[in-house]
Structures are given as C-alpha cells and as structure tokens.
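Enquirer: In this text, residue positions in the sequence shown follow this note's numbering: the first is 46, and each later residue adds one. Encoded as structure tokens, here's the structure I'll be asking about.
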Amino acid sequence: MRVEISDATVDELESLLTYFHICKFAPDEQRFFVGHPLFDGIITAVISAYIDAAGEKKAQELLRKDSLHPYMRELILDQGARALESGTVAITGLEGVIDQIARPSMLSPQLKAELLASLKEQGK
46 MRVEISDATV DELESLLTYF HICKFAPDEQ RFFVGHPLFD GIITAVISAY IDAAGEKKAQ
106 ELLRKDSLHP YMRELILDQG ARALESGTVA ITGLEGVIDQ IARPSMLSPQ LKAELLASLK
166 EQGK
C-alpha cells in the first residue's frame with residue numbers, strides 16, 4: 046500500500062504527529078497502533094513530509110523526547126519486557142523495540158539508555 050500526504054501544511058503535519066503519539070499510548074487503542082505496518086507506514090510518510098516542509102531541525106525539536114510521562118515510560122517497559130519474555134526479541138534487539146514503540150517520538154540517547162538498563166535489569 047502506498048501512503049501519500051499531499052498539500053498538508055506544517056501545522057497539519059504537526060497535528061498528525063501529535064495525534065499519532067497520543068494514539069500509540071492510549072490504553073484502549075494501543076493494540077491497533079503499536080507495530081501495525083499500515084500505521085507505521087503512515088507515520089513514516091508524515092515524518093518525511095514534515096521534514097520536507099519544516100526542515101530536519103524543526104522535526105528534531107518536535108519529535109525528540111528527553112523524558113516521558115510515567116505512564117508512557119511504563120508502557121514502553123511493559124512492551125519491551127513482553128517481547129523479551131515471548132522470545133520475539135533478544136536483549137540485544139531491545140533498542141529497536143523501544144524505538145518502534147515510541148515512534149513517532151525520537152528518544153534521546155540518555156532516555157533510551159535508561160529504558161534499556163531498566164529492561165536488562167528486569168531480564169536478569
């Protein structure tokens with residue numbers, strides 16, 4: 046399937062990215078959005094369109110997260126722990142799982158390291 050964003054303004058793209066971020070962390074809707082290929086494709090298209098329209102620097106400012114709400118942090122840790130327990134990912138693949146769950150947000154290296162350390166500690 047091909048996803049195309051046409052004639053969207055920077056404000057509309059920002060609104061879409063905010064909406065996607067909220068959807069991924071909404072408890073009732075999460076199962077529809079986390080890891081779904083169509084949803085991930087739409088996020089990729091919107092991020093690309095936003096970078097084209099607003100620039101890489103503005104995209105980094107909008108999407109980069111140095112901290113998370115405690116609920117979002119717990120959700121990422123829970124999803125990562127489930128992936129480890131189910132055997133769908135090895136401990137070395139956790140960074141990709143964290144990135145996938147947090148998307149469209151881009152976690153800072155420090156925040157990602159904190160989450161990985163928590164997951165590795167849980168996995169012991």
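C-beta atoms are modelled at their ideal positions from N, C-alpha and C, and glycine is treated no differently.
For the structure I just gave you, are there three or more beta carbon pairs, one from the region 89–96 and one from the region 109–116, closer than 8 Å?
Expert: Taking 8 Å as the limit for Cβ pairs, the verdict is that the region 109–116 does not touch the region 89–96.
Enquirer: Can you name, in chain order, every residue of its own chain whose Cβ lies under 8 Å from the Cβ of Leu58, other than the five neighbours on each side?
Expert: Correct list, in chain order: Ile50, Val91, Ala94, Tyr95, Ala98, Ala99.
Enquirer: Cutting at 7 Å between CB atoms, please list the residues of its own chain near Lys165, excluding the five before and the five after it.
Expert: Counting only Cβ-Cβ distances below 7 Å, and skipping sequence neighbours, we find Ile136.
Enquirer: Mind checking which residues open and close the alpha helix (DSSP H) that includes Glu106?
Expert: Taken as a continuous stretch (DSSP letters only), the alpha helix (DSSP H) holding Glu106 covers 101–108.
Enquirer: Please determine, among Arg118, Leu61, Thr133, the residue with the shortest C-alpha to C-alpha distance to Ala162.
Expert: It is Arg118 whose Cα lies nearest to the Cα of Ala162.
Enquirer: What residues match up with Met117 in a beta bridge as DSSP calls it?
Expert: Beta-bridge pairing links Met117 to no other residue.
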